[in-house]
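Residue numbers (this note's numbering): 1445 to 1742.
Everything on this sheet refers to the single structure shown next.
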């Protein structure tokens, strides 16, 4: 026993030591099988796990983190987890069991995810999205989990569109009159939007619903494969639905309120949208960090 204690460098106390908020490992890659909506989805997840470290402990036992991740993933094959957020919660709880000196644990996961999508008039294809999950636990104070998605699409700038219309109406009013309701030319942006919802452990949120909320809030979805007519439809639909990055965030917030009327006011929401500019050397960003309660009071 004495020999074992002498080799346990992590448990040695230091003078003038400080508590650390997060200590752990990042970038663990593991295959995970998720059972959701009657489907078996195979994912390759990137996993980060952390615990806090008291001032009385020199270091954390990092190998325990890898062991916990492997154990819980093996267990999830038998117990059929329904999502990354559920698995994150299970790992979080086990981390506190294995790190007896810790009072806090956190697990983050992300994975590429594919859904079937079909452009107007085009062929169906598998399109990539990103699943994001997080769980946090305080010893004796319960556990919270977070599920989210990252979606790529496009936005068409309404400001440039109105500017072009104004210029043409001054220079060639007959042309503008002849165009009628046809949208004016504008510049496009590749948009990346992340939506995260934090809920108690017993509440379930469907990731596919989050993807739909985000994708429907953009000027248009984008696709890996487009034939010429499909390209024309995507561009036309985007120009018929021009949006600022601010519009994207606000539309998502409105749809969240409509979709999740039964969720508690305390549910935490983060929406972050970035439009990668095509005529500038900078990008445009909009974000709202809030609760459903705050949104319900505007």
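Quick reminder that beta carbons are idealized off the backbone N, C-alpha and C, glycines included.
- Residue 1679: member of the alpha helix (DSSP H) spanning 1672 to 1683, first to last residue.
- Residue pairing by DSSP leaves residue 1655 without any beta bridge partner.
- When 1683, 1674, 1721 and 1637 are compared, the shortest CA-CA separation from residue 1696 is found for 1637.
- Within the same chain, and ignoring the five residues on either side of residue 1548 in sequence, the residues whose Cβ sits closer than 6 Å to its Cβ are 1496 and 1582.
- By the beta-carbon neighbour count (other beta carbons within 10 angstroms, threshold 16), residue 1462 is exposed.
- Looking at the DSSP output, residue 1558 sits in a beta bridge with 1572.
- For residue 1534, the enclosing alpha helix (DSSP H) begins and ends at 1528 to 1542.
- Nearest to residue 1631 by alpha-carbon distance, out of 1607, 1559 and 1674, is 1607.
- Between the C-alpha atoms of residue 1470 and residue 1577 there is a straight-line separation of about 14 Å.
- Under the Cβ criterion (8 Å, minimum of three pairs), the stretch 1583 to 1598 counts as touching the stretch 1644 to 1661.
- DSSP places residue 1588 within a strand segment (E or B) once states are collapsed to three.
- Under DSSP, no beta-bridge partner is assigned to residue 1610.
- Beta bridge pairing from DSSP links residue 1597 with 1635 and 1665.
- Under the 8 Å Cβ criterion, the stretch 1500 to 1514 counts as touching the stretch 1525 to 1539, having at least three qualifying pairs.
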